[in-house]
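Inspection log for the structure reproduced underneath, given as structure tokens.
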Amino acid sequence: MAKIKKRRGKYYSRVRWYDTNDKIKETQIALKTDKKSVAVVRNNEVTAKEDLIKEGGSWNFAWLNDEGKSELIRITISDAFDEYRNVQNINGVRASTLDRVDNSMKTIYKVFGKTYPIDALTYSHIEQYKEYWHSKHKPTTMNINLSKIRAFHNWCVKKGYAKKKIEFVLVREDQKLPEYLTESQFKDIMNCDIVDVHFRKAFLFYYITGCRKTEPFKAELSGKWLTIKSTDAKSHKTRDVELNEVLKSIVTEMKDRYHMLIDEYGQKPRNIIMRYGKEFKKVCRHLGIKGKTLHSLRHTYAVRRWAITGDIKMVSEEIGHSSVVMTEHYAKFNLRRLMDDFPSLKERIALRLTPPMEDSYFTKLLKVI
């Protein structure tokens, strides 16, 4: 039974219960009166709805509205998400992550609309969602969206806006190896004057450093070191990239152009950075190089470094991965194939393929044993 509680001269009805994890949950409903006799009557009405309140129902009681009627409030997907996004923002979630979540929510609005009740979503709805986007999105995109929607829905369950968690079964996707550029492909790109020399120098920078697209513009340059702070790194880990004089001049030019376009022309930072990716796609189309993006230069860096070192942990630290598991994808290439794709590394890769010379002493010792 709901219990009456007085606070600052006003009465409240308190409903308490244990959730599925044996944790106490509580909700308080203002009874809008300072008279106990009135509070008792209103508390009885709350008690009558107690089971539904424990299941996540939100009631707008007669004394709380102008219409004088009690009704169940069903939180819409949109209303719940507005609150969720605000909480995420307060918790310091990055703007880029929030943008990704926004895009994911747009996909569910497309299927069910913004005013659909969040507590009405079931496993069948998620299957319907996947069926709708099946031919419109790639499996990777669908799974990213599903994971964001799942996190949001789990939050709704904790808030009591939804009754229970839904099993989100991700779409099966074939694992693809990272897309790298061969030496001949990169040489063709660097010699192609269809794009301005500034962008080609930027391509060289990404090729040699393995930086992500946005990192050069946000990182701090001090001497020969480019410091990518944890606040700007996807992995939330600070790392330093050592630069030679050529790379220092390139990144300085990139930064100068970035700030000039913002300060003098009012361009959006995102559009300036995205231009580098567009220029890279343009030159690839011109040369007939398929399936490659600016991010392929980062893949190329990681593949080349693993090919000559065989040290996947070191490569992981160099490119700023949060886990070695992520970097292990670069270790799945055939070394002999990489010798063909990177002729300049052939001798260094060959060292990894050559078995160490046998020590004559240990060879004799093994024969005796």
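If you count by the working numbering, then the sequence shown holds residues 23 to 391, one letter each, in order. No residue lacks a Cβ here, since even glycine has one placed at the ideal position from N, Cα and C. Here the structure is a predicted model, which means the values were calculated and not measured.
key: Rounded straight-line distance, which links the Cα of residue 233 to that of residue 108   = 31 Å
inquiry  = I'd like to know whether the C-beta atoms of residue 64 and residue 92 end up nearer to each other than 8 Å.
reply    = Annotated as distal: residue 64 and residue 92, with beta-carbon spacing of 8 Å or more.
ask   = So, are the CB atoms of residue 221 and residue 298 less than 8 Å apart?
value = yes
ask   = Hey, how far is the Cα of residue 272 from the Cα of residue 142?
value = 55 Å
key: Residue(s) in a DSSP beta bridge with residue 244   = 247
Nonlocal neighbours in the same chain, by C-beta distance under 8 Å from residue 262, ignoring five residues either side = 247, 248, 249 and 250
message = By the DSSP assignment, the alpha helix (DSSP H) with residue 117 in it spans what residues?
response = 117–134
request  = Check each candidate in 103, 199, 245 and 176 and name the one with the smallest Cα separation from residue 314.
outcome  = The shortest Cα separation from residue 314 among 103, 199, 245 and 176 belongs to 199.
task = Would you mind sorting residue 46 into buried or exposed? The rule is 16 or more other CB atoms within 10 Å of its CB.
result = Exposed is the label assigned to residue 46, since fewer than 16 other Cβ atoms lie within 10 Å of its Cβ.
inquiry  = For residue 321, count the other beta carbons within 10 Å of its own beta carbon; 16 or more makes it buried, fewer makes it exposed. Which is it?
reply    = Residue 321 comes out buried.
ask   = Could you check where the alpha helix (DSSP H) with residue 170 kicks off and where it finishes?
value = 161–181
query = Going by the CB atoms, is the gap between residue 342 and residue 257 shorter than 8 Å?
reply = yes
task = Specify, as a first and last residue, the run of the alpha helix (DSSP H) that residue 59 falls within.
result = 58–70
inquiry  = Three Cβ pairs or more, each shorter than 8 Å: is that satisfied between the segment 275–285 and the segment 181–200?
reply    = no
query = Would you say residue 253 and residue 323 are within 8 Å of each other, going by their C-beta atoms?
reply = no
inquiry  = Measuring only the C-alpha atoms, how far is residue 213 from residue 223?
reply    = 11 Å
ask   = Can you name, in chain order, every residue of its own chain whose Cβ lies under 7 Å from the Cβ of residue 84, other than the five neighbours on each side?
value = 90, 91 and 92
key: Anticipated Cβ contact below 8 Å, residue 338 with residue 349, distance rounded   = 4 Å
query = For residue 76, which three-state DSSP category applies?
reply = helix
query = If you count every other CB in all the chains shown that lies within 10 Å of the CB of residue 372, and 16 or more means buried, which is it?
reply = exposed
inquiry  = Quick check: what's the CA-CA separation for residue 312 versus residue 306?
reply    = 7 Å
ask   = Secondary structure at residue 30, three-state DSSP: helix, strand or coil?
value = coil
query = If we ignore side chains and look at the alpha-carbon of each, how far apart do residue 236 and residue 130 end up?
reply = 29 Å
key: Coarse secondary structure for residue 273, derived from DSSP in three states   = helix
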